[in-house]
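For reference, the structure discussed in these notes is given below.
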Amino acid sequence: TMGAGKKGKAARRKKRISKHILQSKETVAVDMNTTADANETASPPPITTSAAKTNNKVKDPIEAKSYLSLWKADKDTWKFNKNTQSWLVRHMYLVDYVDKGTFAVMCDYLSGMKGQSCRDRILEDAKRRALRYKEWEKNKKEKEGAEEGSDEKDITTASSSSTLKNEDDDGEKQWSSMSDHDKRKEYKRARRVIDVFKTSSKKEDTKDDDDK
Numbered sequence: 001t002m003g004a005g006k007k008g009k010a011a012r013r014k015k016r017i018s019k020h021i022l023q024s025k026e027t028v029a030v031d032m033n034t035t036a037d038a039n040e041t042a043s044p045p046p047i048t049t050s051a052a053k054t055n056n057k058v059k060d061p062i063e064a065k066s067y068l069s070l071w072k073a074d075k076d077t078w079k080f081n082k083n084t085q086s087w088l089v090r091h092m093y094l095v096d097y098v099d100k101g102t103f104a105v106m107c108d109y110l111s112g113m114k115g116q117s118c119r120d121r122i123l124e125d126a127k128r129r130a131l132r133y134k135e136w137e138k139n140k141k142e143k144e145g146a147e148e149g150s151d152e153k154d155i156t157t158a159s160s161s162s163t164l165k166n167e168d169d170d171g172e173k174q175w176s177s178m179s180d181h182d183k184r185k186e187y188k189r190a191r192r193v194i195d196v197f198k199t200s201s202k203k204e205d206t207k208d209d210d211d212k
């Protein structure tokens with residue numbers, strides 16, 4: 001009948017509309033997921049704690065110099081900063097970062113440094129640097145002066161674990177690229193650091209004897 005035909009057409013039309021709506025919803029859902037994936041891809045990775053700490057350790061040479069100057073001039077106002085101290089210890093052999101005057105104050109600072117383990121590490125590193133220069137100098141077959149010869153006994157006790165031939169260890173590549181003049185400067189500073197700790201150790205021994 002005519003009524004039945006109209007109902008059949010209406011049902012088919014409704015079915016087609018429902019199908020289009022369903023396809024449209026699926027398309028929207030796919031687009032949303034694609035957008036979300038794109039946003040996740042575009043988002044920069046979160047900054048890790050170690051990266052943040054590394055950035056915080058970056059120091060300006062002027063800031064480090066001011067740190068030592070204040071320590072020297074007014075210890076009551078001066079405040080200890082572990083990061084600044086670590087920066088100075090790592091860079092004190094580089095003239096471009098720590099000039100001659102700042103290094104002189106640094107030696108006074110090292111003399112009164114607390115913490116035996118920290119002092120031992122710095123002394124060991126100074127001995128390693130001094131021994132590295134002596135070996136380099138020997139390899140070049142240059143004659144050693146009387147002063148350097150008398151220093152030999154102080155630096156031969158450097159740790160046997162020092163890997164002077166390892167190009168990837170503790171800036172060996174950088175050291176190898178340094179001029180002979182700069183190598184000599186580093187050696188002199190290393191000798192100075194060794195002498196500082198040797199002198200301060202004698203003072204401590206004398207103080208202990210007086211306390212007995």
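Counted from 1, the sequence shown has number 157 at position 157 by UniProt numbering; the numbering is strictly sequential.
Beta carbons: idealized from backbone N, C-alpha and C, even for Gly.
If you draw a straight line from the Cα of residue 80 to the Cα of residue 70, it is about 11 Å long.
When C-beta atoms of the stretch 114–128 are compared with those of the stretch 94–104, fewer than three pairs fall below 8 Å, so the two segments do not count as touching. Assignment of residue 67 by DSSP, reduced to helix, strand and coil, places it in the helix class. Following the DSSP letters along the chain, one finds residue 173 inside the alpha helix (DSSP H) bounded by residues 172–177. Its chain contains 155, 187, 190, 191, 194 as the residues whose beta carbon lies nearer than 7 Å to that of residue 130, once the 5 sequence neighbours on both sides are disregarded; these appear in chain order. In this structure, the beta-carbon distance from residue 65 to residue 102 falls below 9 Å. As the crow flies, the alpha-carbon of residue 138 is around 10 Å from that of residue 132. Shown here for residue 84: same chain residues with a beta carbon closer than 8 Å to its own, the five before and five after excluded, namely 59, 63, 64, 67 in chain order. In the structure shown, residue 114 falls within a coil segment according to DSSP collapsed to helix, strand and coil. In the three-state DSSP reduction, residue 106 falls in the helix class (H, G or I). When secondary structure is reduced to three states using DSSP, residue 59 falls in the coil class, being assigned neither helix nor strand. Taking C-beta atoms as the reference points, residue 196 and residue 111 count as a pair closer than 9 Å. Between residue 175 and residue 185, the gap from beta carbon to beta carbon reaches 9 Å or more.
Just measuring C-alpha positions, the residue of 100, 88, 136 sitting nearest residue 113 is 88. In the structure shown, the three-state DSSP call for residue 180 is helix.
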